[in-house]
Structure formats: structure tokens, C-alpha cells
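This report refers to the structure that appears directly beneath it.
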Amino acid sequence: MSEKIAKEFTIQGTDPLLFFGANDRNLSIIEQYFAVTLIPRGETVKISGQPDEVEIVENLLAELVFLVNTNKKLTRSDLMTTINIVKGELPERETTLKKKNDLNSVVLFTPQGYVKPNTSGQKKYVNAVDNNDIVFCIGPAGTGKTYLAVALAVSYLNKKRVNKIILARPAVEAGESLGYLPGDYREKINPYLNPLYDALSDMMPKDILRRHLEQGIIEVIPLAFMRGRTLNNAFVLLDEGQNCTFLQMKMFLTRLGFNSKSIINGDITQIDLQKPTDSGLKGIEAILKNIDGIKFIHLGAGDVVRHNLVKKIISAYAKGDS
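Counting in the working numbering, the sequence shown runs from 22 upward without gaps.
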């Protein structure tokens, strides 16, 4: 018989009370059916036992995480059904293992499901954010730049790795004048910020989002409103970075304080400035590429996660520009 091993399994931000059950009841039930010892520690479970049993229980816990995050509960019936599947019915094992592997790449569980990188470029993007304080993500529409960035920001907030989120966009007129829009300046600015609100609405329950916005834990603001601020313990996103000027980009980058992360997204093929050469995103890589802690990620048509026609449109435009 092989020696016992011990592994740690993370429940990835899942509600520990729902997952473990009252007085860790769910873990006690699992121990009755498998030759393992389970010790909960915050958001991790230490699994000790024979290697084969430990692997099976890892797969079981991965399946249970998905159940809890999907159903917002874990009944005894669900638990017993899952135990029976993992313990006795081998055809289900491959599916369960795949879900475990999917779980390892999940960025955020949301009311609609979960967000994870779906392409190699997106995976590099997420890894870059985890390992660097400033990440530039440059690529065409539909590559998930904004959606993944907002998911990462919410994930860092949920895990208390930051205290607040700042989402900013330059309010640049794309062929239409703000002056002709009805309302005060806030009503005129809001259409530029709506894509960020839309992404946030997908990421968390409406009551929590409203409370975070009211308390200033999450701010969605025009880029100009960041001038003069120093942002500590914050996750800061500059979206549509191709539409800020060289000086605005410098201003944004120098707002970063201690224990903060920053993402700058943009598509240099869709610059709305009157003089595209003024874009602060164009040429920035040549200036900053050799600084530790700053990473540049380039996404392409292969990273598009929208309608398949979007990939073809982007490729057609790229050929036309070459």
C-alpha cells in the first residue's frame, strides 16, 4: 500500500457555510464514504489519505463547488447523488475531472454562472494580471478585454485583496458632439460608461452592486475625474485606452498607489481622437516594455469570443490595412 498524501483544495470564494454545512456536516458525510480525512481551513480543505482516494475526493469537491455556485445551496440529496456518481459510476469521472480543471481557471462565479478565460491569449492576460501590477491589454473588439478585466476586479474585491474598484473611460466623441445630447454633464457622460455598468451588472447581484456604488467601493468615472488622486489598495481599470492622450495616459499611470493593480485596455485600430497620433496607447510599449511589473498582452482575431462573423470581420479589416 502506498504512503498517505495530503493535498489542499480551494473552494474559490464559494460560501464556506453552504459548502461545508453546519458544523462541517457535509465533510463528515464525505469522510463516511471515502478513506480520507478532511480539515477545513478558511477557503481551503486539506485532504489526507491514499493517493487514489484523495484524487477521487478532489473530483468530488470540484463537482460540489459547481453545485453550490450554481444553485446557491447544497442539499443532502445533492451531496449523496454526487458521492454515488463519483464513487461508483466511472463514465461520470471524465466529466467531473473536466469540471475540476475548468474550476482551476475560473476568474469569478457570477449570478449567471462563471467567468473564465476561453482562449490562450485570454489565459495569458489573466496570468499577467496575477503576476504584474500594471497590465496593458491591446486587441480588437470582442476579445473579452473589458469583461475579463471587470471580472478580475470584482474577484480581487471579493477576496479582499483590494478595498475598492475604479473603472474609468475617456469621454471622447466618436463622430457625435456631446453638446447636442440632452441633460446635464452626468447624463451626457453616462452613455460612455454604460459598457462598464453592463459588465458589473453581470458580475454581482444588483443589491450588492448598488450598495457598493453608493458607498464608493466601486466607482465608474470619466478618466478626467482621476486627476490629482492617489489610489491605494485599489483595482483600477482604464478602458478604451486608445482614446486618451499621451498626457492623460501619464496621468493615469501615476495614480497607482500601494497594493494596487491596474489594467489598461484598448484597440489601436479604433482611435476616436481628432488626431490619432495623439493616442497615449500608441507607442507606449516602446517606453515601458523593460520595466519589471508592467506586462503587455496582445490579443487577436483568434481570441474573439463573440459571433464567429466578428472574427472574419476583424481579419478582413486587418488584411485591408496591410
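Idealized CB from N, CA, C, for every residue including glycine.
Collapsed DSSP secondary structure at residue i in the structure displayed
i	result
Pro191	coil
Leu4	Nothing can be reported for residue 4: it is not among the residues displayed for the chain, which extend from 22 to 343.
Glu64	coil
Ala56	coil
Pro216	helix
Ser176	helix
Ile334	helix
Ile289	coil
Glu24	coil
Ile318	strand
Beta-carbon proximity list for residue i, same chain, < 7 Å, skipping 5 on both sides
i	result
Leu82	Phe30, Val66
Ser336	Ala322
Buried versus exposed, by CB contacts within 10 Å (16 or more), residue i
i	result
Asp288	buried
Leu173	buried
Thr102	exposed
Gly278	exposed
Leu244	buried
Arg276	buried
Thr167	buried
Phe41	buried
Pro112	For Pro112, the predicted model reports a pLDDT of 45, less than 50, meaning its position is unreliable; a value from the coordinates is still stated below. By the 10 Å Cβ count, Pro112 comes out exposed.
Lys310	exposed
Glu79	buried
Asp219	exposed
Glu197	Confidence at Glu197 is low in this model, with a pLDDT of 40, below 50, so its placement is unreliable and the value that follows should be read with caution. Glu197 is exposed by the Cβ-count criterion.
Phe246	exposed
Tyr141	Rather than Tyr, the amino acid found at residue 141 in this sequence is Ser. Burial call: exposed.
Glu235	exposed
Separation of residue j from residue i, as counted between CA atoms
i	j	result
Leu214	Glu64	34 Å
Lys333	Lys340	11 Å
Thr96	Gly165	35 Å
Asp154	Ile312	11 Å
Pro61	Phe87	18 Å
Ala149	Gly301	21 Å
Met270	Ile68	48 Å
Asp223	Lys25	43 Å
Asp36	Arg248	38 Å
Lys94	Gln71	30 Å
Ile104	Gln291	52 Å
Leu230	Asp73	43 Å
Ile285	Pro216	15 Å
Beta-carbon contacts of residue i that lie in its chain and below 6 Å, excluding the five residues immediately before and after
i	result
Phe130	Asn90
Ile242	Ala189
Ile239	Ile186, His233
Ile32	Phe40, Glu64, Val86
Same chain, Cβ closer than 8 Å to residue i, five either side skipped, listed in chain order
i	result
Gly314	Asn153, Asp154, Ile155
Asn92	Asp99
May I have a chain-ordered list of the alpha helix (DSSP H) segments no shorter than 4 residues that lie completely inside the stretch 225–285?
227–236, 267–274
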